[in-house]
Structures are given as C-alpha cells and as structure tokens.
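Notes follow the structure.
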Ligand code: SAH
Ligand code: SF4
Ligand code: F3S
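Residue numbers (this note's numbering): 16 to 456.
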C-alpha cells in the first residue's frame with residue numbers, strides 16, 4: 016500500500032470549527048491522508064479559520080506568511096484555508112497569499128477530496144458555495160477508532176438572528192437543523208468508540224428543530240432521545256440564544272439527569288439601548304426573568320455568558336448597566352470582547368467608542384467576572400462533585416477531569432480509568448481549577 020500523505024490541521028475559533036476539523040480529517044483519510052501534529056513533515060497544511068473579530072481574521076494572513084519558507088523548501092507542499100475566513104474572504108486570500116492552493120468554506124468541506132485531486136493537478140481550488148446536498152451525509156463513512164471520553168456533535172448550523180455586530184449569519188449561512196435520527200446514529204457511534212459526554216453544537220443550538228419520524232423535535236426532545244442512549248452519561252449544548260430558551264428545555268434542566276447543570280447564555284450587554292442597537296430582540300428585564308426561571312428549574316446551574324464592550328454609541332452609563340446585570344446574575348464563567356468592526360455587518364457604519372475607553376471598560380468588566388468566577392469556584396470547597404475523568408495528571412496517582420459544572424478538577428490518589436465518573440470531595444480552589452480527593456460518602 017502506498018505510504019499515507021500527512022495532513023496538518025490548525026483550528027481557530029469556536030467548538031464547531033473543532034468538530035469540522037475532525038470531519039475534514041476523516042474526509043481526507045479517505046483520500047489517503049493521515050493527520051500529523053507537526054507542520055514540518057506535512058504534505059498539506061489546512062488552517063480552519065475564524066472571522067469573528069478582526070484580530071482572529073488577520074492572524075490567518077500572518078500565519079500563512081510563516082509557511083512561505085516551508086513551501087520554498089518543499090514545492091509539493093499544499094496549503095489550504097477552510098472555515099469562516101475562507102467563506103468571507105476567499106478571493107482576497109488567494110490574492111494576498113498566492114501560495115494558497117485551496118480555499119473551502121464551512122458548507123463545502125465534504126468536497127475536499129475532489130478539491131485535493133484538483134490541486135494535485137496544479138490547479139487552484141476555491142469553493143465557498145452553500146450547496147443543496149447534506150454535507151454531514153456525504154461525510155458519513157467514519158473510522159471506528161477509539162476516542163476520548165468527550166465529543167462535540169453539530170446538530171444545528173447557521174444563524175438567522177443577524178445581530179448587528181456579527182459575521183456568523185454570513186459565514187455559516189442560514190439556520191439549518193440536522194435530522195434527529197442521524198444525530199442519534201452519530202451519538203451511538205461515538206459512545207461505542209468510548210465517548211461518555213456529548214456537547215451538542217449549534218450557533219443557535221436551542222433553535223434546533225430537526226426532522227424525525229414523529230415530526231420536528233425541539234432541542235429538549237432531542238436531549239430526551241439522547242438520554243435513552245446507554246453508555247452516554249452526560250449531555251451539554253452550546254450556544255443558546257435567550258429568545259429560543261423554550262419551556263421544555265428549561266424544564267429538562269430540572270428533570271433530565273444526563274443534562275449537565277451548565278448553561279452558556281450570552282446576553283452581550285445589560286443596556287436596553289445597546290441591546291436594541293445590537294438587534295438582539297430581547298431586553299435586560301426579559302433576560303433577567305429568564306435566568307430566574309432557569310434557576311427555579313435547576314437552582315445549582317452554573318451560568319456562563321458572552322459580553323461585548325465598546326459597541327458603537329455605548330456610554331459609561333450603558334456600560335454600568337452591563338456591570339449591574341453581571342452583579343445580579345453572578346456568572347461562573349464568561350467570555351468578553353472589545354467590539355471589533357466587521358465589514359458588511361450593519362454596525363460597521365456606526366461611530367466607534369474611543370479605543371482607550373473601550374479597553375478600560377473591558378478590564379473593569381473582566382475584573383468583575385474574575386471575582387465572581389472565583390467566588391463561585393471557592394464556594395465549591397467542601398462539596399462533592401462528579402468528575403468525568405479525561406486524562407492522567409502530572410503527579411503520580413493524579414487524574415484530571417471535569418465536574419458537572421464544567422470546572423477542571425485535579426483528583427489526587429484516585430483509582431479510576433479515563434472515561435470513569437468519580438465522586439470527588441473538593442479540597443482546594445485554584446485560579447482556574449479545583450483540586451479534590453475521592454469521596455467516600
Ligand atoms: N451565538 C453564537 C455567537 C458566536 S460568536 C454562538 O453560537 O457562539 C461568539 C461571541 O463573540 C459572541 O457571543 C459575541 O460576544 C462575540 N462577538 C461576535 N461578534 C463580535 C464582534 N464584531 N466584536 C466583538 N465580539 C464579537
Ligand atoms: Fe452572531 Fe447573534 Fe447569530 Fe450569535 S445569535 S451567531 S451573536 S448573529
Ligand atoms: Fe469564528 Fe466562524 Fe465559529 S466566525 S466563532 S469559526 S462560526
């Protein structure tokens with residue numbers, strides 16, 4: 016058999032890109048490639064890119080620049096760009112970095128093997144279509160290799176919300192849900208390969224409405240179907256929009272034992288004026304009331320959020336509204352960003368907040384979040400959690416995993432295997448993790 020070619024994939028951006036990179040590696044496996052961890056021995060380099068903020072997109076061009084030398088040494092080396100920058104700036108990439116051989120958007124990557132054949136013939140390939148066919152079905156043939164205990168599974172892709180700052184509706188396209196039976200088949204396959212926890216992915220995952228033999232399923236109904244899969248121990252989902260947080264999903268957080276008590280529910284801002292200008296279609300009060308209902312269903316749920324500071328026309332008073340909202344909600348985790356202008360989005364035309372001011376707001380917000388996060392984490396000391404063991408720790412007898420609340424937990428002197436769930440008594444809270452010992456209770 017011919018020796019396999021080597022594919023190096025580097026992934027940027029969100030979890031969906033991580034999932035997509037796995038699918039692309041599998042697709043290329045069928046075209047005679049195996050993955051490698053180092054660029055130096057690669058026959059093909061593929062960057063799976065993110066376009067969400069200017070910095071993320073610009074990074075790709077400097078990264079590509081670094082490959083020039085490699086290509087000079089090895090003219091047979093092929094360089095490809097996939098993901099959201101590919102979708103948004105396909106032609107531009109080819110123009111700015113002529114050594115790029117292939118550009119493929121997030122909806123066309125099942126065509127990678129054909130494109131690879133084309134570039135081997137010396138022709139450049141660019142595909143940023145939104146094809147009719149189901150890329151997930153085209154990628155069906157999966158190797159049966161063993162996997163780690165956690166996996167992502169895309170159930171919904173694209174977004175119809177058009178928040179005024181966001182490129183996702185343009186790069187990922189319109190919202191599409193995958194049929195439930197295909198998701199269940201993929202989930203069972205993952206469990207057979209060793210997966211214990213599945214995180215369902217979608218840009219707007221709680222808007223899921225996938226077809227089934229009994230009509231369309233909501234996300235909660237899909238979760239209940241997954242709940243029946245033997246060997247699957249934990250279910251998570253991300254990312255949700257407040258307006259799609261349906262009653263049955265809130266209820267499932269109280270009643271479905273496999274659904275973990277963690278919810279990422281971005282609000283972006285606490286100011287009604289800014290929320291309106293962001294085209295979020297919800298206000299501060301409705302978000303706070305929603306949080307109350309979720310906490311009524313599952314009092315110990317850990318909430319996480321996304322925030323943008325320095326959105327056009329954000330005043331100090333608007334920013335204070337965001338700080339007050341954070342004080343009120345108490346997040347266990349949050350991601351915060353300085354507003355970044357994205358060409359082609361509605362907010363791109365609007366007057367910017369002074370950059371130094373925006374940076375200062377970001378620091379203040381991050382300091383508050385860090386304090387909250389730490390307080391909630393410190394409150395775990397003395398409590399028992401269930402830890403899904405993901406890997407060995409650095410010290411002898413130590414293993415590392417995640418609590419049901421998604422804390423990283425280091426467990427000392429534990430007699431467990433990767434993939435086991437251990438009951439752990441938390442003894443210490445550190446900057447970004449908890450430490451504990453097996454609990455005898
Ligand atoms: N609903 C999406 C959000 C994707 S983008 C999801 O499924 O994850 C992730 C976060 O990036 C957003 O919640 C927002 O806080 C941030 N973001 C998006 N566009 C941005 C921009 N132009 N500038 C700064 N941050 C942005
Ligand atoms: Fe972007 Fe808004 Fe859609 Fe999230 S809901 S992907 S922030 S447009
Ligand atoms: Fe980035 Fe695209 Fe995900 S822009 S955040 S990789 S959907």
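Don't be surprised by glycine CBs; every beta carbon is placed ideally from N, CA and C.
Since the model is a prediction, treat every value here as computed from it, not as a measurement.
Practice task
Count the CB pairs spanning the segment 256-264 and the segment 212-221 that are closer than 8 Å, and state whether there are at least three.
Solution key: yes
Handout entry: Residues that residue 163 bridges to, as DSSP identifies them
Key = Paired residue(s): none; residue 163 is not in a bridge.
Practice task
Could you pull out every residue in the same chain whose Cβ sits closer than 7 Å to the Cβ of residue 289, ignoring the five residues on either side in sequence?
Solution key: 326, 329, 333
Exercise for the section: Just mark residue 410 as buried or exposed, buried being the case when its beta carbon has 16 or more other beta carbons within 10 Å. Expected result: exposed
Practice task
Given a cut-off of 8 Å, decide if residue 139 and residue 114 are closer than it, judged by their beta-carbon atoms.
Solution key: no
Problem - Per-residue burial, residue 455 [other beta carbons within 10 Å of its own, 16 or more giving buried] - result: exposed
Problem - residue 3 classed as buried or exposed, judged by whether at least 16 other C-beta atoms fall within 10 angstroms - result: This structure gives no information on residue 3, because the portion of the chain shown stretches from 16 to 456.
Practice task
Keeping to the same chain, check which residues put their C-beta closer than 7 Å to that of residue 167; ignore five residues upstream and five downstream.
Solution key: 30, 33, 34, 214, 216
Exercise for the section: Can you tell me which of 316, 246, 236, 295 puts its alpha carbon nearest to the alpha carbon of residue 286? Expected result: 295
Handout entry: Of the listed residues 451, 243, 169, 234, nearest to residue 399 (C-alpha basis)
Key = 451
Exercise for the section: Measuring alpha carbon to alpha carbon, tell me which of 275, 74, 26 ends up nearest residue 235. Expected result: 275
Exercise for the section: Under the assumption that residue 427 contacts residue 412 (Cβ atoms under 8 Å), give the Cβ distance between them as a whole number of angstroms. Expected result: 6 Å
Practice task
Can you say whether residue 368 is buried or exposed, counting buried as having 16 or more other CB atoms within 10 angstroms of its CB?
Solution key: buried
Problem - Beta-bridge partners of residue 307, as assigned by DSSP - result: Partner(s): none; residue 307 has no beta bridge.
Problem - From 310, 317, 190, residue whose alpha carbon lies closest to that of residue 251 - result: 317
Handout entry: Spatial neighbours of residue 362 in its chain, beta-carbon cut-off 6 Å, leaving aside the 5 residues before and after
Key = 179, 180, 327
Exercise for the section: Report yes if the CB atom of residue 357 is closer than 8 Å to the CB atom of residue 100, and no otherwise. Expected result: no
Problem - Selection from 17, 74, 52 that minimises the alpha carbon distance to residue 46 - result: 17
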